[in-house]
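> Dropping a structure here in structure tokens format, bear with me for questions.
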Amino acid sequence: MAWWKAWDLTETLKSELSGKFERLIVALMYPPYRYEAKELHDAMKGLGTKEGVIIEILASRTKNQLREIMKAYEEDYGSSLEEDIQADTSGYLERILVCLLQGSRDDVSSFVDPGLALQDAQDLYAAGEKIRGTDEMKFITILCTRSATHLLRVFEEYEKIANKSIEDSIKSETHGSLEEAMLTVVKCTQNLHSYFAERLYYAMKGAGTCDGTLIRNIVSRSEIDLNLIKCHFKKMYGKTLSSMIM
């Protein structure tokens, strides 16, 4: 179906539906990258910024996926995604988001240079636990430019040096949205399916449900790896995703 025809149908459905059901059906009508572009646009629209949505999408997508999202965003909203993020965020959060968006990470290579991995681990330790204060840019540079395979080795070496996990160090050295962004990069590096399972679980845990997170993650992963996410969900929480939704 041509996108403009789907758009006409989407607008018709929006006029006929409402609430959560409308949100779900509209999400299903969007082509994948345009849907993610819409979620990013909506996260920055109006007063306040939904930083968690931006972090989730940028930290969990591949270089090629991010390129397609940026293209769809510019086509649909007439502005640069990178420039809009820069306008809506600031400080080290802005820097890590822009760094992720630029797609500097090698998400294909499985090569690991043991010497460089050890050096990166030492640099992270020197930038955080070893000093008073934190060199945030050192963390951002390594987390956002090294391949996932390389980072896994870095995390192993880091734990040997610091006697604590990289996650615990990030929690003690940073806070707020920057902490969330760094931890999300680490989680997506370690196990992307577990990360999405966790996002879905906490979207439903406790009083009320975060419908936006639930719909976005199920729709966006439905044709990619939702079955794997469901398997990890069952292992992690002892119940099926479908049973918790119902």
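Residue numbers (the numbering used here): -7 to 238.
No residue lacks a Cβ here, since even glycine has one placed at the ideal position from N, Cα and C.
Mapping the DSSP letters down to three states, classify F103 as helix, strand or coil.
Here F103 sits in coil by DSSP.
> Hey, how far is the Cα of S82 from the Cα of L170?
Taking the straight line from one Cα to the other gives about 10 Å.
> Can you tell me which of the three DSSP states T141 falls into?
Looking at T141 - three-state DSSP - the assignment turns out to be helix.
> Please report how far the alpha carbon of K42 lies from the alpha carbon of F13, in whole angstroms.
Straight-line Cα distance between these residues: approximately 21 Å.
> Using a Cβ-Cβ cutoff of less than 6 Å, which residues in the same chain neighbour L143 once the five nearest sequence positions on both sides are dropped?
Same-chain partners within the cutoff: T181.
> Among I46, I162 and K30, whose alpha-carbon lies nearest the alpha-carbon of E121?
Nearest C-alpha to E121: I162.
> Which same chain residues end up closer than 7 Å to Y150 when comparing Cβ atoms and leaving out the 5 residues on each side of it in sequence?
Cβ within range, chain order: A113, L116, Y117 and I158.
> Using C-beta distances below 8 Å, list every residue in its chain close to L239, excluding the 5 sequence neighbours before and after it, in chain order.
Outside the shown range of the chain (-7 to 238) lies residue 239, about which nothing can therefore be said.
> Can you tell me whether I61 is buried or exposed? The criterion is at least 16 other CB atoms within 10 Å of its CB, across all chains shown.
Buried, by the Cβ-count rule.
> My output table needs one value for A19: the three-state DSSP class, helix, strand or coil.
The answer is helix: DSSP assigns A19 an H, G or I state.
> Helix, strand or coil: which one does DSSP assign to C202?
C202: coil per DSSP, three-state reduction.
> Could you please give the first and the last residue of the uninterrupted alpha helix (DSSP H) stretch that includes K226?
It spans L218 to Y229 - the alpha helix (DSSP H) in which K226 sits, taken as one unbroken run.
> With distance defined between alpha-carbon atoms, name the residue in F103, R26, N209 and D160 nearest to G44.
Of the candidates F103, R26, N209 and D160, the one whose C-alpha sits nearest the C-alpha of G44 is N209.
> Can the beta-carbon of L233 be found less than 9 Å from the beta-carbon of A199?
No; because the gap between Cβ atoms is not below 9 Å, this pair is not in contact.
> Got a sec? Which residues, its chain only, sit under 7 Å from K226 by beta carbon, not counting five neighbours each side?
Around K226: T232.
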